[in-house]
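Sequential numbering from 1 applies to the sequence shown in UniProt numbering. A quick write-up on the structure given underneath.
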Amino acid sequence: MRRLLDRVGRSERAALALLGLWVGWTWVSALLADRMPSLTSSYVLSPIVLVAGVALGQLVATRLRSDVVVASLVVVTTVLFLSVILTEGPAKRPTAYANANAAVAVQVIGLAGLAMLGSDRVRRVLLWLTVAGALAVIAANASKAAFAVSVPLLVAIARMLWRPAARAGGAVLVGSLSIVLSAGAVVHLAARDQWPPRVLQALDPARQSLWNDALSLWATHPFTGGGPGSLAEYSTLGGDPDTASAHSSLLQVGAETGLIGAALFGLIVVGGLLWAARGRAPYAVLGAAAWTALIVHSLSDHLLEYTVVVLAAGITLGWAGENRSKELDVPEGEGPVPG
Numbered sequence: 001m002r003r004l005l006d007r008v009g010r011s012e013r014a015a016l017a018l019l020g021l022w023v024g025w026t027w028v029s030a031l032l033a034d035r036m037p038s039l040t041s042s043y044v045l046s047p048i049v050l051v052a053g054v055a056l057g058q059l060v061a062t063r064l065r066s067d068v069v070v071a072s073l074v075v076v077t078t079v080l081f082l083s084v085i086l087t088e089g090p091a092k093r094p095t096a097y098a099n100a101n102a103a104v105a106v107q108v109i110g111l112a113g114l115a116m117l118g119s120d121r122v123r124r125v126l127l128w129l130t131v132a133g134a135l136a137v138i139a140a141n142a143s144k145a146a147f148a149v150s151v152p153l154l155v156a157i158a159r160m161l162w163r164p165a166a167r168a169g170g171a172v173l174v175g176s177l178s179i180v181l182s183a184g185a186v187v188h189l190a191a192r193d194q195w196p197p198r199v200l201q202a203l204d205p206a207r208q209s210l211w212n213d214a215l216s217l218w219a220t221h222p223f224t225g226g227g228p229g230s231l232a233e234y235s236t237l238g239g240d241p242d243t244a245s246a247h248s249s250l251l252q253v254g255a256e257t258g259l260i261g262a263a264l265f266g267l268i269v270v271g272g273l274l275w276a277a278r279g280r281a282p283y284a285v286l287g288a289a290a291w292t293a294l295i296v297h298s299l300s301d302h303l304l305e306y307t308v309v310v311l312a313a314g315i316t317l318g319w320a321g322e323n324r325s326k327e328l329d330v331p332e333g334e335g336p337v338p339g
């Protein structure tokens, strides 16, 4: 056991400790609310899937040949598109929720961007076609939010291919500010009794009801929350599978796990940005951009409950963070050799 821990770096240990603390607190929150903790709750499964995704992303970055990666992305995009267009009704496959399908497509765009950084011209053409296919998936799911968050990601990809960044700090800062501003806007809207007509038309009245209910539940248990699953019982629309996913990730986490849970959620979000920043600057920028896209999107659709979305995001983070520069590949306790 000691030898295994020695092989795990500080960043990995810190990340696992944070995710473990998150899972532990959700159980405490459940017990404080006289609820039975569940091993199948998304509060437990999503962190596990995220870790698995990061590990898989590291394998993609270090073990798979580029042609295998390109072929895999083409296949995934094709399956996503066919699953959507061959499904009748609003519950589009493979996730049965259009915005979740679109969120996976956004992560595919991020993965294609990462693959472009180390590809020749022919593979880049195939990868751009894959990006076009992912955009078609977003369009087929009619996800305005996914399209909106994909635009900055596409700009980041084009920028890194044209003039690669030397540092990733700017991407982390921009991502953090984007998430904070988006979260502030969501909380501000949730606190309002009436939404502006244009906002109501863009976001749907169901979100207004769900977000108001979430903020009300949060206010009754400000620090510890009502316990995992309490929002579905508290909200009139929370138990309806057709509307439940329109919850805001932040508001649902706050309502069910309180201010402590929301703070831990914020640390995990920042941790994702910092994990991406471990990589070489161009990879880090794209990893941070893809992670930011998911988190911002999840503030209006609780996408983090869908394991396939979290898995795709984990793969993107794992790939981006694994492409570390050789200057950083120094054993712990040793510094760079003076020149």
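Quick reminder that beta carbons are idealized off the backbone N, C-alpha and C, glycines included.
{"Item": "Option nearest ALA14 by Cα separation, candidates GLY272, TRP319, ALA313, LEU311", "Value": "GLY272"}
{"Item": "Meets three-Cβ-pair contact criterion under 8 Å: the stretch 111 to 124 and the stretch 285 to 298", "Value": "yes"}
{"Item": "Among ILE295, ALA284, TRP25, VAL186, the one whose alpha carbon lies nearest that of PRO228", "Value": "TRP25"}
{"Item": "Extent of the continuous alpha helix (DSSP H) to which MET160 belongs", "Value": "144 to 162"}
{"Item": "Endpoints, the alpha helix (DSSP H) within which residue 342 is located", "Value": "Residue coverage of the chain in this structure runs from 1 to 339, which leaves residue 342 outside it and unanswerable."}
{"Item": "Coarse secondary structure for ARG10, derived from DSSP in three states", "Value": "helix"}
{"Item": "Rounded straight-line distance, which links the Cα of TRP218 to that of ASN141", "Value": "31 Å"}
{"Item": "Coarse secondary structure for MET36, derived from DSSP in three states", "Value": "coil"}
{"Item": "Euclidean distance between Cα positions of ARG278 and ALA320", "Value": "8 Å"}
{"Item": "Secondary structure of GLU88, DSSP reduced to three states", "Value": "coil"}
{"Item": "Residue environment, THR316, which counts as buried when at least 16 other CB atoms sit within 10 Å", "Value": "buried"}
{"Item": "Identity of the residue in ALA156, GLN194, PRO164, SER41 nearest TRP211 by Cα", "Value": "GLN194"}
{"Item": "Where GLU332 falls, given that 16 or more other Cβ within 10 Å makes a residue buried", "Value": "Only weak support exists for where GLU332 lies, its pLDDT of 41 falling under 50; the value from the coordinates is given anyway. By the 10 Å Cβ count, GLU332 comes out exposed."}
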